[in-house]
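**Q** Residue numbers (this note's numbering), protein chains in the order written: chain B, 57 to 452; chain D, 57 to 452; chain P, 57 to 452; chain C, 57 to 452.
A virtual CB, placed ideally from N, CA and C, is assigned to each residue, including glycine.
Have a look at this one before I ask anything.
4 protein chains.
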Amino acid sequence: MTQTVSLSQGRTYLAIPGPSVMPDAVLQAMHRPSPNIYDGALIDMMPDLTRDLCRVACTNHNVAIYIANGHGTWEAALSNVIAPGETVLAPASGRFTYGWAEMAEGIGAKVQLIDFGTSSTWDFDRIADALRADRNHQIKAVLAVHVDTSSSIRNDIPALRRLLDDLQHPALLMADCIASLGCDRFEMDGWGVDVTVAACQKGLMTPAGIGFVFFNEKAQAKRATMPRVSQYWDWQPRADPDLFYQYFNGTAPTHHLFGLRAALDLIHAEGIEQVWARHERLATAIWAACETWAEGGALHLNVADRAHRSHAVTALRLTEGRGTALRAFTEHQLGLTLGIGLGMEDYDSCFRLGHMGHVNGQMVMAMLGGMETAMAALDIPRGKGALEAAAAVLAA
Amino acid sequence: MTQTVSLSQGRTYLAIPGPSVMPDAVLQAMHRPSPNIYDGALIDMMPDLTRDLCRVACTNHNVAIYIANGHGTWEAALSNVIAPGETVLAPASGRFTYGWAEMAEGIGAKVQLIDFGTSSTWDFDRIADALRADRNHQIKAVLAVHVDTSSSIRNDIPALRRLLDDLQHPALLMADCIASLGCDRFEMDGWGVDVTVAACQKGLMTPAGIGFVFFNEKAQAKRATMPRVSQYWDWQPRADPDLFYQYFNGTAPTHHLFGLRAALDLIHAEGIEQVWARHERLATAIWAACETWAEGGALHLNVADRAHRSHAVTALRLTEGRGTALRAFTEHQLGLTLGIGLGMEDYDSCFRLGHMGHVNGQMVMAMLGGMETAMAALDIPRGKGALEAAAAVLAA
Amino acid sequence: MTQTVSLSQGRTYLAIPGPSVMPDAVLQAMHRPSPNIYDGALIDMMPDLTRDLCRVACTNHNVAIYIANGHGTWEAALSNVIAPGETVLAPASGRFTYGWAEMAEGIGAKVQLIDFGTSSTWDFDRIADALRADRNHQIKAVLAVHVDTSSSIRNDIPALRRLLDDLQHPALLMADCIASLGCDRFEMDGWGVDVTVAACQKGLMTPAGIGFVFFNEKAQAKRATMPRVSQYWDWQPRADPDLFYQYFNGTAPTHHLFGLRAALDLIHAEGIEQVWARHERLATAIWAACETWAEGGALHLNVADRAHRSHAVTALRLTEGRGTALRAFTEHQLGLTLGIGLGMEDYDSCFRLGHMGHVNGQMVMAMLGGMETAMAALDIPRGKGALEAAAAVLAA
Amino acid sequence: MTQTVSLSQGRTYLAIPGPSVMPDAVLQAMHRPSPNIYDGALIDMMPDLTRDLCRVACTNHNVAIYIANGHGTWEAALSNVIAPGETVLAPASGRFTYGWAEMAEGIGAKVQLIDFGTSSTWDFDRIADALRADRNHQIKAVLAVHVDTSSSIRNDIPALRRLLDDLQHPALLMADCIASLGCDRFEMDGWGVDVTVAACQKGLMTPAGIGFVFFNEKAQAKRATMPRVSQYWDWQPRADPDLFYQYFNGTAPTHHLFGLRAALDLIHAEGIEQVWARHERLATAIWAACETWAEGGALHLNVADRAHRSHAVTALRLTEGRGTALRAFTEHQLGLTLGIGLGMEDYDSCFRLGHMGHVNGQMVMAMLGGMETAMAALDIPRGKGALEAAAAVLAA
């Protein structure tokens, strides 16, 4: 037995921040012949499906389902409420706000972006300044990324709502919940969010390929003033169709709908409050391990304050780099794939753990056990007892 | 044994004009864990995938893959080459030209539509008139539906190319091959098509959810003049990406790509010429049966001239209606689902047969045998020997 | 378009007399991780599974499930009730009685075999003679094949019971229902059958790999007198286990049990009487076509009398041979696989159609349409209107 | 967040000593229509399949494949070489030798059993005494369990061979490798084993349902002297068939063969030496953790000597019991199922870890992390640093 023994042959574990691990029930539901798209089970399942989808976002309003990825839903949402020449405000705490902002520019919007770096949540004073300065209410929407997948920062959406209310600013509050829906607590109606965008491949545990835009009456009122909305992105017929094909502006994403149905069944069987609590506990265990390792000085969590960390993804930084080697070891030697760093200055000094959707205690211990092993193999200094610290949280 | 015996329990056969029957190899390829989207097999497979996709369309130019349905690719293609206020010419021989035209209006284009009814192919004299009248070349593109799924008309694309050339009209020739790609002969480069749109769920035998826009240098040149192109629809980074995520403007349609790979393997193992020949022979057998039944006077083919019939779909008309009852019988009593009529005046007097993609001799005989049975059950007058006529074609 | 066009690419149809076409629900149920075999869903499902299995055989008595094929259940059944040196009577109307008889010799039994050829059902006079001659009741069991898969003869089990009763012969009545269970009417308790053997891959629509022995109290009483029963074949702990592993004498056939569960759900959702009626109607349609073709003189049904034909399989004979070429054409040109002749004198002059389990109207028309096509291609003389005759039966 | 948060929703991990975790490739290979059993791919694949199966057992001799579980292969092997009244010697180091011995009695053999308890390997002096006492060579076979799944003891097969040779005793050496094949090093020919039995659901990573008997010329010679061999168990036609159906004495286990093919591909792609080395390293990591926990006094490994521990399964004992509670916690709170104790005196004080077949570094860390968590939750005393000790082994 020498060091050249490979220990990777076995079930692989993709622990990146999306796509997440797909439940067997979802993949099975998608392994079926194409259904009739004019009559039968597929058509009949839509009312319950949209209702149960809205329940995940805690809204009683509307949802439009798009055959598109998360970037597509960014454009879809914007296309319904922002006309060329209008302005959006984008407070950025990671790469994805930039992405959404570029999408806005692509449809002709003006973007006012405030950058809070890649390790910090929003500074509400600066946002307030920007809103106060907008006396003529040129800002038609605030693009608020709830959880930024690149930085793992979780922003305070209810506080942003209160700020808008306090300042009596009429801008729409648009939330990107792509990384957080079905993981971190999110209550669209309760928090006063007007438009929510999400996708299926993270907390919703369905292979990438469909996305969602939830919207309320205020957003709908703004849409009614639009000079023109692209047919494909128009949410109106999708949310309230006369004929089945209007749900999707054409052919339905047949297999994804069956997969999503299975995923929603899992979520609601568990209960959304319990889903959030599970993600919180699992994240807490991961933090306990990482904070222990951090005592060694070589690794630390990107977000210092637990209150601003997502429960779905954890970005880590390595003082001396070697993130690439660490990820290579876990993947090729242990069968565990960790996420690359994204949007950080130094690629090799960052990596991310995905813990979203179909994730439980044994998976978290596998992920952390894999990190411990890789750090041992690479001789990265680290505090002792990290795995036991995580176990203690899970055991609590 | 009475009439109440149901004979439907068994393998069902969805013989509608899309989605088509999915090969086991495709569904199996999609039954897999989510892959890493930053490294590994998924990334590595893209160059061959796009090349093999282009081979199906017989083009050496570019392809952009969209997470979208066929309607989405209509909008995608238009968004790259038609600016608000520009004009497109749309010669219609069925419902889907209207759909594409509406999409064009949705992005601000002016549409000049020529309607040729639902049973006739284009009249090139009328198209020529329209092009000649456009002395200032306001028409920037001709939206040419190759096969209209609703009417089953197959239009003559090469003749349209010749007409444009003869008139020295610079409009782009944009072809909708959603229903024909991988079924009816189509040679993008050879026929001088500038932009081709297609989707995956018909001849490409992959569950609905992705679509394709192929484009050549002329189309690319037009795009270069566009004041603005939406980020999601922009074909430039998709066709020539620096980073993997640019192929799809965000998260890749992971499972669909593996499914498409399997489908392309089937197509190229068979050979595209042979794929076309198979569809032609199968269609000819279907026509032989239908023409024989037509001798009874109650049923006839929507397209009178064989030269203008698609090899992928066949629209039929019933003199006395009862299409709904006929389809109900085949579905509930025999396990065979036929397609509804679409875009016709009288819903009950039309229906359609899909014979696209993963379809062989025994399936065609099942489809025709089911029709014979249903007509017998409903006592619809029909010529004798229809099935034997079809068998004779298949046996030839 | 020439004769070299292949029309086989598409969904293949395996129309042999077992294994039959597997329902998607069965294959899906088997696509799952291995379950715990000491606790949980697998253990909990057994009481309902064995009950529902008994309902298919119309018995309130016992069932033992074996990881074995049909041949294994032959040996299993015999091993519980026939000691070395004891005699069994085997009335043969096809190859499989010979097979079962050889199995009996393999465990040391003496076999008294009466051969009725390959196209005739039992002659009860000859069986009566044999039983009357057995004054000392050396014959401990009669091995009665209900449907012989090779000849497609269906024997009259209730009449055999009446004969045994009339003659007051105490031999066990053992029925082989491998080809008939879930297809042809069979009522174990009502017909006075003591032991029934069956397997999963025909009417029970589950991939080959498990078999069943049903037995009543009379059979159980005979077992109690056995000097020794092999542990693996012993039906006692299997039918009445104290611990889960005793159901299967060791590790359970985990995935097959989930598949069987799905198959039983299909059967009981449809209703066993309706399942039988469906098979009868479909068989009648097949006969109508074959009898019409037979008018051409080149092909005829192996069993002349409809009353003795199975509803699950049909053996056909070709006066001039060419069965091999016919099957090759349907398989390679149309995607339809027919069954070879088995146990007949001349291999090339026989073939068989399987129509068992998951089979409906459109499949039967595919099978018959494929035959018509192949006979046309091979220029085999045949009566006209065969497919229409079949359609008329299905339409009735 | 309270203790009532369940952390089990996610991918479950079945870490029992068989059935093991099935690779996706195996389950996918089994998700297919039934194949033709008279012609085509299934028939063609058999020569390579049996060759590659023999390569796993390191033999150039013969293999018979049975539709049966491991218990079935016990009976199959015995039925070919042990006649009623003949004697077998069974040195027991766990429950499964008793099982095999009972199987031998079931076919009429006399069994001479030597019990070495549940925590010790064989004492060769006592075996030597028994063989020396057998002056007339009544003992026809020694039933040697290589790895006893209940105790996790690994016995020294080569040493047993040397003993037989030294004593010039002609008894067959029959090895049960059900738990060890494809996990622990085993070289049938090199070690002088005459008959090897194995099953598919452990190291061979295929859903339970088929088993294997490998045999050499010496065993074949003994079979030739048998007065009678059951048809189903007869290995002769299975190992050297004239017709395909003889491989399986009837219908083939179609789907299992495709699954096994995929599993063998995985094994040989990795290389059998590397497969063994991987299991050894993973087992060593598990031992390192368990030995560390053992310092707490509450838990210890059943087998004291590393040299006698299997690399496929680890039996553990708890001084104060609570094994049931521990397993319940890992299963219901973490999604990790551990194996029950088997054949031990006190059910609650034993449990087992399965680490066979498709198992890699991240899985081992999940299993150990789950144990650490459960012991923390149950407040079971344990040494510190167990997971780090395991990680150090994996990192080496």
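Let me know the alpha helix (DSSP H) ranges lying completely inside the segment 226-296 of chain B, each 4 residues or longer, listed in chain order.
**A** 244-247, 273-279 and 291-295
**Q** Whose CA, out of Leu83/D, Pro91/D and Arg88/D, lies closest to the CA of arginine 88/B?
**A** As a first step, residue 88/B must be located in the first sequence, where it is residue number 32. That would be Leu83/D, whose Cα lies nearest to the Cα of arginine 88/B.
**Q** Have a look at glycine 267/C and alanine 384/B and give me their C-alpha separation to the nearest angstrom.
**A** Counting from 1 along the fourth sequence, the entry for residue 267/C is found at position 211. Counting from 1 along the first sequence, the entry for residue 384/B is found at position 328. Roughly 38 Å separates the two Cα atoms.
**Q** How is isoleucine 406/P classed by DSSP in three states: helix, strand or coil?
**A** Walking along the third sequence from the start, residue 406/P turns up at place 350. Looking at the sequence itself, residue 406/P is cysteine, so the reference to isoleucine does not match. Strand at cysteine 406/P.
**Q** Is it the case that the Cβ atoms of glycine 379/C and tyrosine 403/C are separated by a distance below 9 Å?
**A** By one-based count along the fourth sequence, residue 379/C stands at place 323. By one-based count along the fourth sequence, residue 403/C stands at place 347. Yes, the pair counts as a contact, with Cβ atoms nearer than the cut-off.
**Q** Between the Cα of methionine 412/D and those of Val369/D, Leu145/D and Gln302/D, spot the shortest distance and give me the residue it belongs to.
**A** Along the second sequence, read from residue 1 onward, the residue named residue 412/D stands at position 356. Of the listed residues, the one whose Cα sits closest to methionine 412/D is Val369/D.
**Q** Grouping DSSP H, G and I as helix and E and B as strand, with all else coil, what is glycine 395/B?
**A** Residue mapping note: residue 395/B aligns to position 339 of the first sequence, counting from 1. Correct three-state label for glycine 395/B: strand.
**Q** For the segment 157-172 of chain D against the segment 220-239 of chain D, do three or more pairs of beta-carbon atoms, one drawn from each stretch, fall closer than 8 Å, so that the two count as touching?
**A** no
**Q** Please decide whether arginine 67/P counts as near chain D, where near means a Cβ-Cβ distance under 9 Å.
**A** What you label residue 67/P is simply residue 11 of the third sequence in a count that begins at 1. So, interface residue.
**Q** Below 8 Å on the Cβ atoms is my contact criterion, and I expect leucine 229/D with leucine 260/D to pass it. Report the Cβ-Cβ distance as a whole number of Å.
**A** Reading the second sequence from its first residue, position 173 is the one you call residue 229/D. Reading the second sequence from its first residue, position 204 is the one you call residue 260/D. Under the criterion of beta carbons closer than 8 Å, leucine 229/D and leucine 260/D do not qualify as touching, at roughly 22 Å.
**Q** So which residues of chain P does methionine 78/C contact, with C-beta pairs closer than 7 Å?
**A** On the fourth sequence, position 22 is the one that residue 78/C refers to. Listed along chain P are Pro89 and Ser90, each with a C-beta nearer than 7 Å to that of methionine 78/C.
**Q** For aspartate 204/B, I'd like the list of residues in its chain whose CB is within less than 6 Å of its CB, leaving aside the five on either flank, ordered along the chain.
**A** The residue you call residue 204/B lines up with position 148 of the first sequence. Only Ser149, Gly150 and Phe152 meet the Cβ criterion.
**Q** Taking Cβ positions, are threonine 340/C and alanine 71/C nearer each other than 9 Å?
**A** Translated into the one-based positions of the fourth sequence, residue 340/C becomes position 284. Translated into the one-based positions of the fourth sequence, residue 71/C becomes position 15. For threonine 340/C and alanine 71/C, no; Cβs fall outside 9 Å.
**Q** Going by the beta-carbon positions, is the gap between isoleucine 213/C and alanine 200/C smaller than 9 Å?
**A** As a first step, residue 213/C is located in the fourth sequence; it is residue number 157 there, counting from the start. As a first step, residue 200/C is located in the fourth sequence; it is residue number 144 there, counting from the start. Their beta carbons are under 9 Å apart, which means isoleucine 213/C touches alanine 200/C by this criterion.
**Q** What are the start and end residues of each continuous beta strand (DSSP E) run of 3 or more residues lying completely inside the segment 95-148 of chain C, in chain order?
**A** 118-122 and 143-148
**Q** For leucine 12/B, report the span of its beta strand (DSSP E) as first-last.
**A** There is no way to answer for residue 12/B, as the model of chain B reaches only from 57 to 452.
**Q** To which residues of the same chain is threonine 252/P closer than 6 Å at the C-beta, ignoring the five residues directly before and after it?
**A** To locate residue 252/P, count along the third sequence from 1; it is residue 196. Around threonine 252/P: Ala113, Ala231, Cys233, Met244 and Phe270.
**Q** With 9 Å as the threshold, decide whether the Cβ of threonine 375/P is near any Cβ in chain C.
**A** Position 319 of the third sequence, counting from 1, holds the residue named residue 375/P. No - not a single Cβ of chain C is within 9 Å of the one on threonine 375/P.
**Q** Suppose you measure from the CA of glycine 164/P to the CA of glycine 155/C; what does that come to, to the nearest Å?
**A** Residue 164/P sits at position 108 when you count from the first residue of the third sequence. Residue 155/C sits at position 99 when you count from the first residue of the fourth sequence. Here the alpha carbon of glycine 164/P sits roughly 25 Å from the alpha carbon of glycine 155/C.
**Q** Taking glutamine 168/D as part of the beta strand (DSSP E), name the residues at either end of that continuous run.
**A** Translated into the one-based positions of the second sequence, residue 168/D becomes position 112. First-last of the beta strand (DSSP E) with glutamine 168/D: 166-171.
**Q** Look at the alpha carbon of arginine 337/P and the alpha carbon of alanine 275/D, and state the distance between them as a whole number of angstroms.
**A** To locate residue 337/P, count along the third sequence from 1; it is residue 281. To locate residue 275/D, count along the second sequence from 1; it is residue 219. Near 59 Å, if we compare the C-alpha coordinates of alanine 275/D and arginine 337/P.
**Q** Using a Cβ distance threshold of 8 Å, determine whether the segment 284-295 of chain P contacts the segment 132-139 of chain P, with at least three qualifying pairs required.
**A** yes
**Q** Alanine 308/D touches chain B at which residues, Cβ-Cβ below 7 Å?
**A** Counted from its first residue, the second sequence places residue 308/D at position 252. Simply Ala264.
**Q** Measuring only the C-alpha atoms, how far is isoleucine 183/B from aspartate 221/B?
**A** Stepping through the first sequence from its first residue, residue 183/B is reached at position 127. Stepping through the first sequence from its first residue, residue 221/B is reached at position 165. Going by the C-alpha atoms only, they are around 13 Å apart.
**Q** Taking DSSP as the reference, what is the three-state secondary structure of isoleucine 163/D?
**A** Along the second sequence, read from residue 1 onward, the residue named residue 163/D stands at position 107. Residue state, collapsed to three classes: coil.
**Q** For the segment 92-108 of chain P, which residues have a CB atom closer than 7 Å to at least one CB atom of chain C, in sequence order?
**A** Asn92, Ile93 and Tyr94
**Q** Tell me the rounded alpha-carbon separation between proline 91/C and leucine 313/P.
**A** Translated into positions along the fourth sequence, residue 91/C becomes position 35. Translated into positions along the third sequence, residue 313/P becomes position 257. When only Cα atoms are considered, proline 91/C and leucine 313/P end up about 20 Å apart.
**Q** Pairing CB atoms from the segment 394-401 of chain B with CB atoms from the segment 430-447 of chain P, are three or more of them under 8 Å?
**A** no
**Q** Kindly list, in the order they appear in chain D, the residues whose Cβ is closer than 7 Å to that of isoleucine 123/B.
**A** In the first sequence, counting from the first residue as 1, residue 123/B sits at position 67. Correct list: Ile123, Ala124, Asn125, Gly128 and Gly265.
**Q** Could you check whether alanine 264/B and alanine 277/B sit closer than 9 Å to each other, using their CB atoms as the reference points?
**A** Here residue 277/B corresponds to residue number 221 of the first sequence, with the count starting at 1. Here residue 264/B corresponds to residue number 208 of the first sequence, with the count starting at 1. The beta carbons of alanine 277/B and alanine 264/B sit no closer together than 9 Å.
**Q** Can you tell me whether leucine 450/P is helix, strand or coil according to DSSP?
**A** As a working mapping, residue 450/P is identified with position 394 in the third sequence. Note: leucine 450/P maps to helix in three-state DSSP.
**Q** Can you tell me which of the three DSSP states alanine 197/C falls into?
**A** Numbered from its first residue, the fourth sequence carries residue 197/C at position 141. Strand.
**Q** What does a CB cutoff of less than 6 Å around arginine 279/B pick up in its chain, not counting 5 residues either side in sequence?
**A** As a working note, residue 279/B is residue 223 in the first sequence. For arginine 279/B, where only same-chain residues beyond five positions count, the Cβ hits under 6 Å are Asn136 and Val137.
**Q** Does the beta-carbon of threonine 281/P have 16 or more other beta-carbons within 10 angstroms, so that it is buried, or is it exposed?
**A** Along the third sequence, one-based indexing puts residue 281/P at 225. Flag for threonine 281/P reads exposed.
**Q** In this structure, does DSSP put arginine 191/P in helix, strand or coil?
**A** In the third sequence, residue 191/P corresponds to position 135, counting from 1. Three-state result, arginine 191/P: coil.
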